[in-house]
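Engineer:
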Amino acid sequence: LPVEEAVRTCVLARRWRHRWKSAAALRILSTGGQFLEPAEKLREFMDRLLLARGGAPLDLCELRLGDVDTLLEDEDVFILVDRWFRHAVGCNVQVLRLCARTYPIMHLDDLPLVSQHLTRLELFGVEVPVSLLNFSGCPNLEHLVFESCNLYFGSMMKVLFQSLKHLRITLCALFSDLVSKYRIRISAPNLVSFVLDHFMGSTPILESMPSLREASVKIGDYADFCKLWKTNYWDCNCESCDLYGDTLGGSSSCVILKGLSEAKSLLLISQPGMYNFKRDLRCCPTFSNLKNLWLNDYWCIPDDFRLLACILEHSPILEKLTLQLFSKGPKHKVELEGSISPTERSAANSEYLKTVEVKCSVVDERILNVLRFLHVINICKQNRFSHASMFMVFATNFICRRKSNDEMHILTSLVSGTSRNVLLSHYIGILLKVGVVFYLMCKKFWAVVDLLLFLPVKNCRLMLITTVIAPGRCPVLMKICSVVILCAKAVAKSMVDTRRLFDEMPPGKKLDASGIDALPDGVTEHILGFLPTEDAVRTCVLARSWRHRWKSAAALRIISTSGEFLAPVDRLREFMDHLLPARDGAPLDLCELRLGDLNTLLTDQAVLSRVDHWFRHAVGCNVQVLKLHMVTNSFHELDDPPLVSLHLTRLELFGVVLQNSFLNFSGCPNLERLEFENCNLEWNSTSPVLFQSLKHLRITECGLALGVDLDSRGCISAPNLVSLVLEKFFGDTPLFKSMPSLMEASVTLDNCEDRCELWHANYWDCNSESCDTFAKTPVGNNNSVLLEGLSKAQSLLLISEPTVYIFKRDMRRCPMFNNLKKLWLDDCWCAPDDFKMLACILEHSPILEKLTLQLFSQGPNHKMELEGSISPIGRSPVISEYLKTVEVKCEVVDERILKVLRFLRVFNIFASDTLIPEIALRHQVSRMSRCDLFLHYQHLVAGCSFR
């Protein structure tokens, strides 16, 4: 209800007294004839309404102020409207509409909107300042509509609509402080539909929109005029017209068409004097997804139709073309519909093009020129253009005046082929009536006879008698028409449609499905997903029923490495350009892109520029597991916009650069497994890198730059993580926040930059304060970098170069490992000789069950492996009572290993002479006998027995 009607429900009953206060929607209507039309009444009503409602949540809020007849002119109300607008946002409104017809135009406050709930915003007749165009605070905003607004972009060169899926800008004025130097750039990477209609100002540059499905752009008579439009406009190269810094020279980049190149449906209309489309076509992109295209007469001049021909050549899967010629619409007096003969199709046209429509007001010489051009490229050569009004126009011209050869040929095309039956049943009575009228008025009945000779009609005698001439009224005329009809039948017999010869053939017997064809729906597609994609495509030749099964395979495995079918990059590019449009967005369980290897590095820029499109296309197909493996001569940088997918559960990346927004996976709430290998991760923000939904994270041999500058330490927050692997990375060690669900973790610090400055001198006496500055660790030396975040794990592997100070620094405030049962350490923990780090972590692991020491050996295979256990009698109280097994892995038993064994004896891990534990020695040196081994190691630990 309108809000005043909702308030009136308070008098219905006692229980209705306050229900209006929690209404799900507010509809404030202050237009001519409405209850709230006077500004004073509106102001008083709204002040009481908002106070009574408080902050009750809203689904919808609509403010409609003024109309064409009653403009709102009260400036005091203008100030209050912005407050009402912001109040609705504060009530967690989901759909917000503001329609204002005011004088002067109403100006909204220059503050950005911040709302987690706003999904749709519609503004009409207001001035929108620069800060309000920043919608980064509305992450769920999907629909945005501007109509009759003034949009001020200030000094912004790029406007980002990150979350938008639907954007409409109609009858708006675009203003910018840099309008004389640069065009405004619009970036909306997740846009699905886009409308830019009759705007004022310079045309904005549209950046890539990989998810775009439909778009409509209408350019009117505004800023981007060609200077030569009154003279030789079509010979102008636009270099003297387009002088903006980002498109200087007129040919360096596209303004509109590049951003729209992923659309499936396009409407492109422009006034003849504008140069934008003509300029973009000099570097025309390929519209690889385009199926429906609507153009106006701008594309059909000059007489060589170069613009129309160009865009048709760059639309490989176009299915329907509509030409709106010299008619404003939306209703057109004359409409033609034609199709293409599959046997004589021009090679320049899409093989999928089936329908061509022409909409106009009258058929004149200009329309005939277009039809001749379409005839040249075999659009209507064999089969027809057929429509009632178009046929009547030609029939009238055909009867009234002398016929030209072109009109005769076009008319023959109109009534030939399969369309003649439709025309017969629908129009023959009208045509004969027209002929009789012209006979009676103009004495040109033989013109009707001439026309009928082109019609292969059936039962014309009956139609003529019943619909045109009353019986007995004109017997002479009936005899003449009978002769004409007999001639028409003779002509019809000679015009046999060979496609009907097979109509009466009996259908073939349907064979019963057997073998793999008998599998249930979906199983075959799942099996095809295990094949490389090129092999899956080849299955189309197995049988007719297999022709299109590959298009819905559950997985895509694109492998372009040495020795593979898709190894040449030109073959890969062509294959992918045909594959993705043919699949048409079919859902995927898995997509694997493996491009290049160590023997064949991927260096082709044309392929590299498409990789991100292929990657995002897979995300748009609701892929669940996505793997991208690239080996190039330099790291390939993926586009910055974050991924948004409700289906993605696993992501693996190799050999790419990821920056800023891409590392924001908040748009993938079901992502559980994430792997980075040989990548560069860059995060320029003071906030932590948040992996909210992740359960498994693996970072291997990557470069990390996760801080806001070179002197800051990045932070990673993954509260639901179960397993973590951080190995052989470059850069500063990231700080990990608490991970309460962590089960196992492996951290190897060998190539990082956190090295002690005194590592050549007294490294073990260094307190790390001069090494780890306050800037690198947000809370200074009072905060743990790694161990605090790993303290909930049940299994830990901690390996480090001796000169890396991270573990040594964290051990000064060692946390309790209350869940730790398995611990694997290297020799870094066994130095210096007092073993202070090893002793400390053992004391802080109260339920440890197994300890493994990898000493001075790289592994994974070790020549010597010692395994010992502890006697329950005489156990040291400082170590875990649950500790049962200790393993020592090394290359050779030397003085360093002996020191470790002596230290373990202090904790009664290897007992003294009176308490003899059981120590087993396993070795991989086959040439040493058991006796020799005993003699070699008997001096190691007194009282120990070997087996």
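When the letters of the sequence shown are read in order and numbered with the working numbering, they come out as residues 11 to 957.
We put the beta carbon where it would ideally sit given N, CA and C, even for glycine.
Output needed for A183: all residues of its chain with C-beta closer than 8 Å, excluding positions within five of it in sequence on either side, in chain order.
Structural biologist: If you number the sequence shown from 1, residue 183 lands on position 173. Taken in chain order, the residues that qualify are C159, N160, L161, F209, M210 and G211.
Engineer: With DSSP as the reference, label L442 as helix, strand or coil.
Structural biologist: Numbered from its first residue, the sequence shown carries residue 442 at position 432. Its pLDDT being 46, under 50, L442 is placed unreliably in this model, and the value from its coordinates should be taken loosely. In the structure shown, L442 sits in a helix (DSSP, three-state: H, G or I).
Engineer: Identify, in the order they occur along the chain, each residue of the same chain with its Cβ nearer than 7 Å to the Cβ of S751, setting aside the five sequence neighbours on each side.
Structural biologist: Against the sequence shown, residue 751 aligns to sequence position 741. So the qualifying residues of the chain are N730, L731 and V732.
Engineer: Pull up the distance between the alpha-carbon of N200 and that of T112, whole angstroms please.
Structural biologist: To locate residue 200, count along the sequence shown from 1; it is residue 190. To locate residue 112, count along the sequence shown from 1; it is residue 102. Near 34 Å, if we compare the C-alpha coordinates of T112 and N200.
Engineer: Would you kindly work out how many angstroms separate the C-alpha atoms of G339 and A563, rounded to a whole number?
Structural biologist: Counting from one through the sequence shown, the residue named residue 339 turns up at place 329. Counting from one through the sequence shown, the residue named residue 563 turns up at place 553. Distance between the alpha carbons of G339 and A563: 44 Å.
Engineer: Where I377 and N306 are concerned, what is the direct C-alpha to C-alpha distance, given to the nearest angstrom?
Structural biologist: Taking the first residue of the sequence shown as 1, we reach residue 377 at position 367. Taking the first residue of the sequence shown as 1, we reach residue 306 at position 296. If you take the alpha carbons of I377 and N306, they lie about 12 Å apart.
Engineer: Indicate the three-state DSSP secondary structure (helix, strand or coil) for K899 in the structure shown.
Structural biologist: On the sequence shown, position 889 is the one that residue 899 refers to. Note: K899 maps to strand in three-state DSSP.
Engineer: Can you give the Cα-Cα distance for Q126 and Q104, rounded to whole angstroms?
Structural biologist: Walking along the sequence shown from the start, residue 126 turns up at place 116. Walking along the sequence shown from the start, residue 104 turns up at place 94. Approximately 9 Å, taken between the alpha carbons.
Engineer: Check K747 in the structure and name its three-state DSSP category.
Structural biologist: On the sequence shown, residue 747 is found 737 positions in, with the first residue counted as 1. Note: K747 maps to coil in three-state DSSP.
Engineer: Whole angstroms are fine: how far does the CA of W30 sit from the CA of G42?
Structural biologist: Stepping through the sequence shown from its first residue, residue 42 is reached at position 32. Stepping through the sequence shown from its first residue, residue 30 is reached at position 20. For G42 and W30, the distance between alpha carbons rounds to 25 Å.
Engineer: Sort P220, L142 and E602 by Cα distance to E662 and report the nearest one.
Structural biologist: Here residue 662 corresponds to residue number 652 of the sequence shown, with the count starting at 1. Nearest C-alpha to E662: E602.
Engineer: In the DSSP assignment, find the unbroken beta strand (DSSP E) run with R53 in it and report its ends.
Structural biologist: Looking up residue 53 in the sequence shown gives position 43. Premise fails: R53 lies in the alpha helix (DSSP H), A49 to R63, not in any beta strand (DSSP E).
Engineer: What is the C-beta distance between P295 and S280, in whole angstroms, given that I count them as a contact (C-beta under 8 Å)?
Structural biologist: Here residue 295 refers to the residue found at position 285 of the sequence shown. Here residue 280 refers to the residue found at position 270 of the sequence shown. With 8 Å as the limit, P295 and S280 do not qualify as a contact, their Cβ atoms being about 17 Å apart.
Engineer: Helix, strand or coil for S165 per DSSP?
Structural biologist: For the purposes of this step, residue 165 is taken as residue 155 along the sequence shown, with counting starting at 1. Coil at S165, not helix or strand.
Engineer: Assign S619 to buried or exposed, taking buried as 16 or more other Cβ atoms, counted over all protein chains shown, within 10 Å of its Cβ.
Structural biologist: Stepping through the sequence shown from its first residue, residue 619 is reached at position 609. Label assigned to S619: exposed.
Engineer: Could you tell me whether any non-hydrogen atom of the ligand SAH is closer than 7 Å to the CB of S40?
Structural biologist: Here there are no bound small molecules, and the ligand SAH is not part of this structure.
Engineer: Return helix, strand or coil for C725, following the three-state DSSP convention.
Structural biologist: Locating residue 725 in the sequence shown gives position 715, where the first residue counts as 1. Of the three classes helix, strand and coil, the one that applies to C725 here is strand, per DSSP.
Engineer: Can you give me the Cβ contacts of F740 inside the same chain, cut-off strictly under 6 Å, excluding the 5 residues immediately before and after it?
Structural biologist: Numbered from 1 along the sequence shown, position 730 holds the residue referred to as residue 740. G713 and N761.
Engineer: Which class does I986 belong to by DSSP, given the choice of helix, strand or coil?
Structural biologist: Since the first residue of the chain shown is 11 and the last is 957, residue 986 is not available in this structure.
Engineer: What do you reckon, are the CB atoms on K3 and T332 nearer than 8 Å?
Structural biologist: In this structure the chain extends from 11 to 957, so residue 3 is not present and cannot be described.
Engineer: What beta strand (DSSP E) runs, 3 residues minimum, are completely inside the region 692-722?
Structural biologist: If we require 3 residues or more, the beta strand (DSSP E) runs fully inside the region 692-722 come out as 706-710 and 713-715.
Engineer: Let me check understanding here. Comparing Cα to Cα, which of S298, C293, K268 and D234 lies closest to G283?
Structural biologist: Sequence index remark: in the sequence shown, residue 283 carries index 273 (1-based). Closest by alpha carbon: D234.
Engineer: Give me the Cα-Cα distance between C725 and I709, rounded to the nearest whole angstrom.
Structural biologist: As a first step, residue 725 must be located in the sequence shown, where it is residue number 715. As a first step, residue 709 must be located in the sequence shown, where it is residue number 699. When rounded, the distance between both Cα atoms is 14 Å.
Engineer: For the region 595-621, list the alpha helix (DSSP H) runs that are entirely contained and at least 4 residues long, ordered along the chain.
Structural biologist: Runs found: none.
Engineer: Taking the beta carbon of V916 as the centre, do at least 16 other beta carbons fall within 10 Å, making it buried, or is it exposed?
Structural biologist: Here residue 916 corresponds to residue number 906 of the sequence shown, with the count starting at 1. Result: exposed.
Engineer: Taking I194 as the reference, give the member of H706, L181, L206 and L216 with the closest Cα.
Structural biologist: Stepping through the sequence shown from its first residue, residue 194 is reached at position 184. The residue with the shortest Cα to Cα distance from I194 is L216.
Engineer: Is the beta carbon of C20 closer than 8 Å to that of P67?
Structural biologist: The sequence position of residue 67 within the sequence shown is 57, counting from 1. The sequence position of residue 20 within the sequence shown is 10, counting from 1. Going by C-beta atoms, P67 is not nearer than 8 Å to C20.
Engineer: Could you check the C-alpha separation between S197 and S263 for me, to the nearest Å?
Structural biologist: Residue mapping note: residue 197 aligns to position 187 of the sequence shown, counting from 1. Residue mapping note: residue 263 aligns to position 253 of the sequence shown, counting from 1. If I take the Cα positions, the gap works out to 15 Å.
Engineer: Can you check which of these residues, L861, E891 and R723, is closest to I816 by C-alpha distance?
Structural biologist: Numbered from 1 along the sequence shown, position 806 holds the residue referred to as residue 816. When each option's Cα is compared against that of I816, the closest is R723.
Engineer: Going by other Cβ atoms of all chains shown within 10 Å of its Cβ, with 16 needed for buried, is M826 buried or exposed?
Structural biologist: Within the sequence shown, residue 826 is the residue found at index 816, counting from 1. With fewer than 16 Cβ atoms within 10 Å of its Cβ, M826 is classed as exposed.
Engineer: For L384, does the three-state DSSP call read helix, strand or coil?
Structural biologist: Counting from one through the sequence shown, the residue named residue 384 turns up at place 374. Of the three classes helix, strand and coil, the one that applies to L384 here is helix, per DSSP.
Engineer: Between the Cα of N690 and those of R683, R548, D742 and L108, spot the shortest distance and give me the residue it belongs to.
Structural biologist: Within the sequence shown, numbered from 1, the residue matching residue 690 stands at position 680. Of the candidates R683, R548, D742 and L108, the one whose C-alpha sits nearest the C-alpha of N690 is D742.
Engineer: Is L638 near L658, with beta carbons less than 8 Å apart?
Structural biologist: The residue labelled residue 638 in the question sits at position 628 within the sequence shown. The residue labelled residue 658 in the question sits at position 648 within the sequence shown. No. Outside cutoff.
Engineer: Suppose you measure from the CA of E682 to the CA of F675; what does that come to, to the nearest Å?
Structural biologist: Translated into the one-based positions of the sequence shown, residue 682 becomes position 672. Translated into the one-based positions of the sequence shown, residue 675 becomes position 665. When rounded, the distance between both Cα atoms is 11 Å.
Engineer: Determine the direct distance from the alpha carbon of T549 to that of H558, and round the result to whole angstroms.
Structural biologist: In the sequence shown, the residue the question calls residue 558 occupies position 548. In the sequence shown, the residue the question calls residue 549 occupies position 539. Roughly 9 Å between the two C-alpha positions.
Engineer: Can you give me the C-alpha to C-alpha distance between F171 and L177, rounded to a whole angstrom?
Structural biologist: Counting from 1 along the sequence shown, the entry for residue 171 is found at position 161. Counting from 1 along the sequence shown, the entry for residue 177 is found at position 167. So the two alpha carbons sit approximately 9 Å from each other.
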